[in-house]
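Taking this note's numbering, the leading residue of the sequence shown gets 3, the next gets one more, and so forth.
For each residue, glycine too, the CB sits at the ideal point set by N, CA and C.
All values reported here derive from a predicted model rather than from experimental measurement.
Structure record follows, encoded as structure tokens.
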Amino acid sequence: MLKKNSLRLVLGFTLIELMVTVALIALLSAVAVPNFVTFRRNSELTGITNNFLGALNAARSEGMKRNMNSMVVPANNDTDWSKGWIVFVDVDRSDNYSTGDIAILEQSAPPSYISISGNGFFGANPSYVKYDGSGFSRPKSGDNANATLNISRNDVPSTEYNQVRRIKIAVTGRIRVCTPKSASYAACSTSDD
């Protein structure tokens, strides 16, 4: 038979052990949560860029498939890409999304900490991207055929260039995405080259 003091069973934690464990969890959470938010927002920036790139590729391929003009326009048909966008085949050739056009896809508005702005036809009033049946980028009269769209986080300092993505479209319809390394990084400038 066992003596009373020879075997000690632990049935739970002491109050001090519990307090130390809770303090460690709180400390680790305080360090991990801000990093998780940054990671999530960086991921959303990449996701929005990829969604826009997919919309441009869908417009270009649908235009070539149907041998018609296709367009990507802001959801509210003005200059504000941050409200989302619509991809459609411009059946009536009105250069605007209307009832006779074939909708390909619609993208809802990105989070408020994502800014989208551009130059060339991305910054025209109203803004647009237009492809002809050959897949070439076609400006409306007077606009430059090349354009650059900036997608960036507006909740970080503007000097954090890794929080900016640029989508560049050439007159040939070629689309490329780049991330600037500095303000003077020529390979990913904001000019319409």
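(request) List in chain order: all unbroken beta strand (DSSP E) runs of 3+ residues lying wholly within the stretch 40 to 123. (result) 72 to 76, 87 to 91, 104 to 109, 116 to 121
(message) Can you tell me whether V179 is helix, strand or coil according to DSSP?
(response) Indexing the sequence shown from 1 puts residue 179 at position 177. The answer is strand: DSSP assigns V179 an E or B state.
(request) Quick one: using the 10 Å Cβ neighbour count with 16 as the cut-off for buried, is D94 buried or exposed? (result) As a working note, residue 94 is residue 92 in the sequence shown. With fewer than 16 Cβ atoms within 10 Å of its Cβ, D94 is classed as exposed.
(request) Decide if N164 is buried, meaning its Cβ has at least 16 other Cβ atoms within 10 Å, or exposed. (result) By 1-based counting over the sequence shown, the position of residue 164 is 162. Burial call: exposed.
(request) Please confirm whether any heavy atom of the ligand GDP lies closer than 6 Å to the CB of L26. (result) Ligands in the displayed structure: none, and consequently the ligand GDP is not present.
(request) May I ask you to report which of helix, strand or coil DSSP gives S136? (result) In the sequence shown, counting from the first residue as 1, residue 136 sits at position 134. In the structure shown, S136 sits in coil (DSSP, three-state: anything other than H, G, I, E or B).
(message) Quick check on the burial criterion: 16 or more other C-beta atoms within 10 angstroms. Buried or exposed for F123?
(response) By 1-based counting over the sequence shown, the position of residue 123 is 121. Burial call: buried.
(request) Can you check DSSP and say which residues form a bridge with L29? (result) In the sequence shown, counting from the first residue as 1, residue 29 sits at position 27. Paired residue(s): none; L29 is not in a bridge.
(request) Answer yes or no: do Y115 and M73 have a C-beta to C-beta separation smaller than 7 Å? (result) In the sequence shown, the residue the question calls residue 115 occupies position 113. In the sequence shown, the residue the question calls residue 73 occupies position 71. Against a cut-off of 7 Å, the Cβ pair of M73 and Y115 comes out as no contact.
(request) Take V89 and list the residues in its own chain whose beta-carbon comes closer than 6 Å to its own, dropping the five residues that flank it on each side. (result) Here residue 89 refers to the residue found at position 87 when the sequence shown is read from its first residue. Hits under 6 Å: A57, A60, A61, V74, I106, L107.
(message) Rounding to the nearest angstrom, what Cα-Cα distance links L26 and V39 in this structure?
(response) Here residue 26 is taken as the residue at index 24 of the sequence shown, counted from 1. Here residue 39 is taken as the residue at index 37 of the sequence shown, counted from 1. Whole-angstrom Cα-Cα distance: 20 Å.
(message) In the DSSP output, what is T150 paired with across the bridge?
(response) Counted from its first residue, the sequence shown places residue 150 at position 148. For T150, which the question treats as bridged, DSSP gives the partners N121, K170.
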